[in-house]
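Visitor: First the structure, which I've put down as structure tokens, then a few questions once you've had a look.
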Amino acid sequence: MSTILKWAGNKTAVMHELKKHLHAGPRLVEPFAGSCAVMMATEYPHYLVADINSDLINLYKQIAFDCEKFISNAKHFFLSTNSAESYYNIRQDFNHSCEITDFWKAVFFLYLNRHCYRGLCRYNRKGEFNVPYGNYKKTYFPEDEIRAFAEKAKRATIICASYEETLAMVKVGDVIYCDPPYDGTFTDYHTDGFNELEQLRLATTLDVLASAGHQVVVSNSETELTNAIYQNFTRHRINAKRSMGVAGGDGKSATEIIAVSQPLILSGFDLAAYPVVSASYETFQREYLCEPSRR
């Protein structure tokens, strides 16, 4: 199943590689949900879907709350407005209207995504969506994908949060998958950006979680930085086609890494029981691990 949104870095095309490294568990935690391609292509009992982009999370929440209402309104909107003038008027309202409801902001966001240049999600420093019109003769309305997402979302908790906030919610047994903005590529997906310091902070946090026994899987571009900060992880190289971000984005392929840290073997702990409360790293080490930290 394809995703609702056109999205830079969409993982649909590399899921056959990713699935080799995503082990079974009671819940998949995604701090960088993006297009939700990984959730849509896997079958975990539960999901924690998070992203710092509030427009993205609002879209997912509106669809999860009332899928049929969303389809009815958005489909009519798609069929009746497909021109540069309409696009820029909608973008203006999306960015500046104080009267727009969360529901209609979600409809507008899907419209902008499907009609803008290459499905790029980009904001200026004022927080305004600023991608130009894509000038497509015909745009695709993802009705089947919306319904499939709404069904899968019944198993998901969807939150707008930073990766730090999301990773602080990790529970014993969770599988963690991170797909941050790639090192050395476009990072204006959010007004705060994602620089090398953030790459390092994320890797350090994931290293701690891996040491505490969680399975951690990370996607990123292969660069000197990513090879250094994920040196404690097993790194698998893959070639992935990029629709944007590689030398101007002409569908070229680029080398990526899938960095994997395997979970520790637990003693006296039943994953099926799935504790409701998160254990601190210290408590986790003391009560559940049968041997010193290792990967």
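Quick note on numbering: the sequence shown equals residues 0 to 294 in numbering that gives the first Met the number 0. Heads up, the beta-carbon is just placed ideally off N, CA and C, and yes, glycines get one too.
Please confirm if the stretch 56-76 is in contact with the stretch 148-165, defined as three or more CB-CB distances below 8 Å between the two stretches.
Guide: Verdict: yes, contact present.
Visitor: Which of the three DSSP states is assigned to Ile256 in this structure?
Guide: Within the sequence shown, the letter at position 257 stands for residue 256. The answer is strand: DSSP assigns Ile256 an E or B state.
Visitor: Between which residues of its own chain and Ala272 is the CB-CB distance below 6 Å, once the five residues before and five after are set aside?
Guide: Indexing the sequence shown from 1 puts residue 272 at position 273. In this predicted model, Ala272 has a pLDDT of only 41, less than 50, meaning its place in the structure is not dependable enough to derive any value.
Visitor: Indicate whether Thr156 and Tyr46 have their beta-carbon atoms separated by less than 9 Å.
Guide: Stepping through the sequence shown from its first residue, residue 156 is reached at position 157. Stepping through the sequence shown from its first residue, residue 46 is reached at position 47. Contact flag set, yes.
Visitor: Would you grab the beta carbon distance between Ile89 and Phe69 for me? Rounded to a whole angstrom, and I think it's under 8 Å.
Guide: The residue labelled residue 89 in the question sits at position 90 within the sequence shown. The residue labelled residue 69 in the question sits at position 70 within the sequence shown. No, Ile89 and Phe69 are not in contact; Cβ-Cβ is about 16 Å, not under 8 Å.
Visitor: Of the choices Ala73, Glu42, Thr11 and Tyr110, whose alpha-carbon is the least far from that of Lys153?
Guide: Residue mapping note: residue 153 aligns to position 154 of the sequence shown, counting from 1. Taking only the C-alpha atoms, the option nearest Lys153 is Glu42.
Visitor: Less than 6 Å between C-beta atoms, sequence neighbours within five positions excluded: which residues of the same chain meet that for Arg293?
Guide: To locate residue 293, count along the sequence shown from 1; it is residue 294. Note that Arg293 scores a pLDDT of 36, beneath 50, so its modelled location is shaky; the value from the coordinates is reported in the next line. Within the same chain, Arg293 has no close Cβ partners at all.
Visitor: Along the chain, where does the alpha helix (DSSP H) containing His114 start, and where does it finish?
Guide: Within the sequence shown, residue 114 is the residue found at index 115, counting from 1. Element bounds for His114: Asp101 to His114.
Visitor: Quick check on Val216: does DSSP put it in helix, strand or coil?
Guide: Taking the first residue of the sequence shown as position 1, residue 216 is located at position 217. In this structure, Val216 counts as strand in the three-state DSSP scheme.
Visitor: What is the residue span of the beta strand (DSSP E) that Thr233 lies within?
Guide: Taking the first residue of the sequence shown as position 1, residue 233 is located at position 234. First-last of the beta strand (DSSP E) with Thr233: Thr233 to Lys240.
Visitor: Among all the DSSP beta bridges, which residues are the ones paired with Thr156?
Guide: As a first step, residue 156 must be located in the sequence shown, where it is residue number 157. Answer is Leu47, bridged to Thr156.
Visitor: Can you tell me where the alpha helix (DSSP H) with Cys66 in it begins and where it stops?
Guide: Stepping through the sequence shown from its first residue, residue 66 is reached at position 67. Residues Cys66 to Ser79.
Visitor: Are Phe31 and Lys74 closer than 9 Å when you measure CB to CB?
Guide: For this step, residue 31 is matched to residue 32 along the sequence shown. For this step, residue 74 is matched to residue 75 along the sequence shown. No, they are not a contact pair.
Visitor: Is the beta carbon of Tyr110 closer than 9 Å to that of Phe64?
Guide: One-based indexing of the sequence shown puts residue 64 at position 65. One-based indexing of the sequence shown puts residue 110 at position 111. No; because the gap between Cβ atoms is not below 9 Å, this pair is not in contact.
Visitor: Just mark Asn219 as buried or exposed, buried being the case when its beta carbon has 16 or more other beta carbons within 10 Å.
Guide: Position 220 of the sequence shown, counting from 1, holds the residue named residue 219. Under this definition Asn219 is a buried residue.
Visitor: Whose C-alpha, out of Leu119, Thr100, Asn72 and Asn9, is nearest the C-alpha of Pro179?
Guide: In the sequence shown, counting from the first residue as 1, residue 179 sits at position 180. Per the Cα distances, Asn9.
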